[in-house]
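Participant:
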Amino acid sequence: MRLIYLALVPFLALAACSDSDGGSGILSGSSGWDDPAANAEDQNDPKSQAFFEKTIGDRVFFEVDQYTLNSSAKAALDTQAQWLMNNVGYVIIVEGHADEQGTREYNLALGFRRAQSVQEYLVARGVSGLRLKTRSYGKERPIEICSVERCYSKNRRAVTLLTAGLS
Amino acid sequence: MRVIYLSILALGFFVHNALAQNGPLRVNITQGVIEPLTFAIPIFEAENLEAAAVATEISRIVAADLTSSGLFREIPFDRFISRRTTFAEAVRYPDWRAINTQALMTAAVKTTSSGRLIVKFRIFDIFSGVQLGSGMQLAGNTKAIRRMAHKVADQVYERITGEGPYFDSKIVFVSESGPKDNRRKRLAIMDSDGEDVQFLTGNENIVLAPRISNNGKQVLYTSWETGFPQIYILNVGTAGRKPLPTPKNGMGFSPRFSPDSKRIVYSFERGGNSDIYLMDLATARSARMTSSPSIDTAPSFSSDGRQIVFESDRSGTQQLYIMPVSGGTPKRISFGNGRYGTPVWSPRGDLIAFTKQSNGRFGIGVMRTDGSEERLLSASFLDEGPTWSPNGRVIMFAREDRGPKGAPSLYSVDITGRNLRALNLRAPASDPSWGPVQP
Amino acid sequence: MSAGTYISLTLHAVLVGWLLFGGDFDHKPREAPVTEVSVVSAEIFDILVNNIPPSVDTSLEKAATQPDIEQSERPIDPVMDVAPEKTTQSLSPNVQNDTLPESVPDKPVRMEEVVIIPPVDLTELKVEDPKLLEMSLAPKPRPTLRVAPVAVAPPAPDIDIGDITRDAAAPQVDSVEVAQEQTAKVPEAVAPEIVTEAEPPSEAVKVSKLAPPRSVRPQRRPTPRPVGETSIDPPEPTPVPIDPMAAALAEALSAKTPASSNQRVSSALEAAMNNAMRDCNNRGGLSSAAAATTVVVSITFSADGRPVPEAIKLVEYIDGSENNAKVRFEAYKRGVLNSECVNKMANIYRKGVQNEQLSVGVPLEFVVPPGEP
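Chains as they are written, first to last, in the working numbering: chain A, 11 to 177; chain B, 166 to 604; chain C, 10 to 382.
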């Protein structure tokens, strides 16, 4: 793990020098893995990725085997959509996940469905489809590992990741 | 005249009865037991000094293989009455009968000046007092002792039980390390007994569900190397790999080879929906097989290559469906209480193995290809991903424990449900794919 | 002759024909000698034919000499997991065939080669003891598949062939003891059942307690019958002339009728035999297909109730291949020759002979049903 951080340092340094549209989102790490420590300063910058993750909220959650958005998910996505439309420099990857209560391939497919639900919703809210991509990690990247519902519910998620933009 | 004929008729009945009563009498056997066959393998004779170093190892691998099948039980050395010293000496049947040895294997090993190893062996049916067959010899290089031992075990197993061989085969799997929320995975290959693990990839990317071809030469798998799941094909001999081109605007995953290794069937996601596709490897052209808004995934070919079986939630929950490779309406075959996934067709063609999920638990099961005679062979917190041994007699799968310390390991079970046993691996492992018997 | 006579003649011919040939259209296994054949590759065939010393392809050995692949991990390249360049290339994540080069790792995977060579020098077996030679090296014919339903029984032995399978003193002593032990157990199950209508109960009970391990009993049948006439299938297909029929009739009338009919032992005897054989009828070491095969095994017992090893034959098989049947038969035969069951069975058999339900020299055909392996 340390090697990753060490190798990241130059990128972070570069990022700090770039304009605000660049952000520090080189890695996909915001799904909870390989997460570079978001700078304290960045967190308060309303245009930063760290702000998006911590304050706006970058994820929504699902019921078991479901990929439809409930009302709190929709509310969260409304907020996300607004921010994304105000910060058009990012390319967005919507990443779907599942809990471990299922077989491997099915959970991959379920993750895709969840990512797609979020993508469609964001597009309906006005985010440009050209900026959005989806992918799935199935059950391969759990956040919580306690094997009971309070952990499972955290893993059944779709995360909106910000990556370096085109502009 | 009539009286004479009538009396001859009567005679005829009498004679038939009499003759019948003097014929063999039939006894219907209705009772029996099911127990492993006892066997003994005295240490192989080493015909020269260099062979001595490997003679013991080879004989122990053979014994371990036979025992692991669950069909054999070894008679330990300390019970032997006969001390065999040479391969050529005669078998003292009463000595082996006295300790209830049903099958005896004698063997000898030697190394040649050209650096080769030669193993020869005989099998004896002790209670019938005869040698079975005419014995056999194998040759290989001195590094091939494991394979030679597996080949010998296969010969003994096949001759006595009538079952096809399976010990001399490789299994491709995912070797895992690290905590559950930071798991590192890499592809690996090993002997069917869990030994001689070699790695096929590094572990810097997520790699899943490797599937070995029927000729044992290539492996299909899904990798996040590019950041997005993609199907790769890997050459076992060189471990070289490359991605397979799938249609635009979507992602391929869950691939499997056809029995002739010329096509693959896989799951392709586009717009959130996953369907079954077929690709011809020579042309890399894909054809779509299912088009429904349901999740269709985990496809695999029938043993004759004419049908596929896959899982789909088009009925509301994951169930198993079969359909002809040439196209047609998928036909549902699973109807039990629960969800069914990861279906794999037996090499014998008669059964489909699957993962079943019900009441919060997972288990490996088998059913006939029309869905009848469903049986569960295992159950636990999380059992999944069955793969068939080349002779269709044994199923291997992954079992994971619950909780933060949970890590997967590989288990095998006999098709009768007996002999559930863990593979003795040094690291967590999942997603096994059993290769063919090597020639 | 009148029409009625013709009709009568035809009917009688049909009747006689049925008498003679009626049993012939049951399941018939193909009769074939069992040989060991192994599939050999062209290379091995060459060796076999030309007696060339086998040579193994050495090209693989180069790979084999590479150092073992350690569990060392390659240095982790953080850029590999989602590089930003790739995400900006195109919105479609699909990578075309030519954009990623084929990756080759540092060390190739070791694959060893093993070759099966013909067993050229396996024929010599050193013989230390002539008696052992008799026992274990006498050429034993492989069990052949026979055409149903006739098993030609060997002549009823005066000498007990069972001797050959017991050369050590210990087993013999055991067998006597076991027999005595068994008599304590067996009467519970057998004595009340073996009694037939034809006999008073007391006789049977008395006999069971005193049964010696090896009895030399006179033949039950008054007229010694050559083997050929046990057959329902005499060589000539033409209607049998009256004289043999008269002779057979006389014999039939004079012989005792066993309680069983339709060529089966009584259910009581069958139950006793099943009990005795149960632990030895082991389906456990069989392939699925062999366990699913029905085999009919003919066994001829000597006068003391022990099976004659050479007279254990596969008579018929159903629902399996030839090899399935062979394997199933071998397993059953192993069980039959298991000394525990030999002893138990011997008691039952001798009782059956005393009760005139069985006669020494007439084989018993055991129908071994299919089952799960």
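All C-beta atoms, glycine included, are put in the ideal place defined by N, C-alpha and C. Predicted model, so just to flag it, every value in this text is computed and none were measured.
1. For a contact defined as C-beta to C-beta under 9 angstroms, what are the partners of C:Leu373 on chain B?
2. Any residues in the stretch 109-125 of chain A with a beta carbon nearer than 9 angstroms to a beta carbon of chain B? Which ones, in chain order?
3. Name the chain B residues that come within less than 7 angstroms of C:Pro378, Cβ to Cβ?
4. Write down every uninterrupted run of the beta strand (DSSP E) in the stretch 76-141 of chain A whose length is 3 residues or greater and which is fully enclosed by it, in chain order.
5. Determine contact between the stretch 525-543 of chain B and the stretch 560-568 of chain B, defined as no fewer than three beta-carbon pairs at a distance below 8 angstroms.
6. Relative to the C-alpha of B:Asn589, which candidate in B:Ala211, B:Ala216, B:Pro207 and B:Ser233 has its C-alpha closest?
7. Beta-carbon within less than 7 angstroms of B:Ser459's beta-carbon, same chain only, minus the 5 sequence neighbours each way: which residues are those?
8. I want to verify the contact list: residues of chain B whose CB lies under 8 angstroms from the CB of C:Leu367, in sequence order.
9. Which stretch, first to last residue, makes up the beta strand (DSSP E) that contains B:Gln320?
10. Expressed to the nearest angstrom, what Euclidean distance is found between the alpha-carbon atoms of A:Leu118 and A:Asp109?
11. In chain B, which residues lie with their C-beta within 9 angstroms of the C-beta of A:Glu199?
12. Using the Cα positions of B:Ser134 and B:Asp535, report the straight-line distance between them to the nearest angstrom.
13. Do the stretch 361-380 of chain B and the stretch 121-140 of chain A touch if we need at least three Cβ pairs shorter than 8 angstroms?
14. Do we get a CB-CB distance below 8 angstroms when we pair C:Pro316 with the residues of chain B?
15. Examine chain B for any beta-carbon lying closer than 8 angstroms to the beta-carbon of A:Ser157, and answer yes or no.
16. For B:Pro410, count neighbouring C-beta atoms within 10 Å of its own C-beta (all shown protein chains included) and say buried if the count is 16 or more, exposed if not.
17. Counting only C-beta atoms, is B:Asn584 closer than 8 angstroms to chain C at any point?
18. Near B:Thr462, what residues of its chain come up, given a Cβ to Cβ distance below 7 angstroms and the 5 sequence neighbours on each side ignored?
19. Roughly how many angstroms lie between the CA atoms of B:Pro512 and B:Asn379, to the nearest whole one?
20. With C-beta atoms as the reference, is B:Asp596 less than 8 angstroms away from B:Phe338?
21. Considering only DSSP beta bridges, list what A:Thr144 is partnered with.
22. Please decide whether C:Val104 counts as near chain B, where near means a Cβ-Cβ distance under 8 angstroms.
23. Run through DSSP, which three-state label would B:Trp389 get?
24. To the nearest angstrom, report how far apart B:Phe254 and B:Asn265 are at their CA atoms.
25. Report the residue ranges of all alpha helix (DSSP H) runs contained in full by the stretch 505-589 of chain B; include only those spanning at least 4 residues, in chain order.
26. B:Thr276 bridges to which residues according to DSSP?
27. Just curious, the beta strand (DSSP E) that B:Arg453 is in, first and last residue?
28. Kindly list, in the order they appear in chain A, the residues whose Cβ is closer than 8 angstroms to that of B:Glu549.
29. Below 8 angstroms on C-beta distance, what does C:Lys336 contact in chain B?
30. In angstroms with no decimal places, state the Cα-to-Cα distance between C:Gln363 and C:Leu373.
31. Between B:Gly600 and chain C, is any beta-carbon pair separated by less than 8 angstroms?
32. Please determine, among B:Phe242, B:Ile194, B:Thr482 and B:Thr552, the residue with the shortest C-alpha to C-alpha distance to B:Trp261.
33. If you draw a straight line from the C-alpha of B:Gly600 to the C-alpha of B:Asp356, how long is it?
34. Measure the alpha-carbon distance for B:Gly329 versus C:Ile357 and round it to whole angstroms.
35. Where does the unbroken alpha helix (DSSP H) through C:Ile125 begin, and where does it stop?
36. Name, in chain order, the residues that DSSP records as bridge partners for B:Lys335.
Facilitator: Working from what's here:
1. Counting only Cβ-Cβ distances below 9 angstroms, C:Leu373 has contacts in chain B at Pro189, Leu190, Arg191 and Val192, in chain order.
2. With the criterion set as a beta carbon lying under 9 angstroms from some beta carbon of chain B, the members of the stretch 109-125 of chain A are Glu110, Gln111, Gly112, Thr113, Arg114, Glu115, Tyr116, Leu118, Ala119, Leu120, Phe122, Arg123, Arg124 and Ala125, in sequence order.
3. Here the neighbours are Ile194.
4. For secondary structure counted as the beta strand (DSSP E) over 3 or more consecutive residues, the stretch 76-141 of chain A holds these complete runs in sequence order: 101-107.
5. By the Cβ test, the stretch 525-543 of chain B is in contact with the stretch 560-568 of chain B, since at least three Cβ pairs between them sit closer than 8 angstroms.
6. The shortest Cα separation from B:Asn589 among B:Ala211, B:Ala216, B:Pro207 and B:Ser233 belongs to B:Ser233.
7. Hits under 7 angstroms: Ser477, Asp478 and Arg479.
8. Correct list: Leu190.
9. Where B:Gln320 is concerned, there is no enclosing beta strand (DSSP E), although the alpha helix (DSSP H) it sits in stretches over Ile310 to Thr326.
10. Near 10 angstroms, if we compare the C-alpha coordinates of A:Asp109 and A:Leu118.
11. The structure shown does not extend to residue 199 of chain A, since chain A is modelled only from 11 to 177, so the question has no answer here.
12. Since the first residue shown for chain B is 166 and the last is 604, residue 134 of chain B is missing from the structure and cannot be characterised.
13. The answer is no - the stretch 121-140 of chain A does not touch the stretch 361-380 of chain B, with fewer than three Cβ pairs under 8 angstroms.
14. Closer than 8 angstroms to the CB of C:Pro316 there is not a single CB belonging to chain B.
15. So, interface residue.
16. Buried is the call here.
17. Cβ-Cβ to chain C under 8 angstroms: no for B:Asn584.
18. Excluding residues within five positions, the ones whose Cβ falls inside 7 angstroms are Ser419, Ser432, Ser439, Phe475 and Glu476.
19. Just so you know, the alpha carbons of B:Pro512 and B:Asn379 end up roughly 10 angstroms apart.
20. Inclusion of B:Asp596 and B:Phe338 in the CB contact set at 8 angstroms is warranted, their separation being smaller than that value.
21. In the DSSP output, where bridge partners are listed per residue, A:Thr144 has A:Val104.
22. Annotation note: pLDDT 33 at C:Val104 (below 50); position unreliable, no value reported.
23. In this structure, B:Trp389 counts as coil in the three-state DSSP scheme.
24. The amino acid occupying residue 254 of chain B in the given sequence is Glu; Phe does not appear at that position. Looking at the two C-alpha atoms, the distance is approximately 20 angstroms.
25. Segments of the alpha helix (DSSP H) lying fully in the stretch 505-589 of chain B: there are none.
26. The partner list for B:Thr276 (beta bridge, DSSP) reads B:Leu282.
27. Unbroken beta strand (DSSP E) run through B:Arg453: Arg450 to Arg453.
28. The answer, in chain order, is Thr113 and Arg114.
29. Sequence inspection shows Val at residue 336 of chain C; the Lys mentioned does not correspond to that position. By Cβ distance, chain B contributes Ile325, Thr326 and Gly327.
30. In a straight line, the C-alpha of C:Gln363 is about 16 angstroms away from that of C:Leu373.
31. Taking Cβ atoms only, chain C never reaches closer than 8 angstroms to B:Gly600, which makes this a no.
32. Nearest option by C-alpha distance: B:Phe242.
33. Per the coordinates, the alpha-carbon of B:Gly600 lies some 10 angstroms from the alpha-carbon of B:Asp356.
34. Taking the Cα positions, B:Gly329 is about 38 angstroms away from C:Ile357.
35. Judged by DSSP secondary structure, C:Ile125 falls outside any alpha helix (DSSP H) and instead within the beta strand (DSSP E) spanning Val123 to Ile126.
36. In DSSP, B:Lys335 forms a bridge with B:Asp356.
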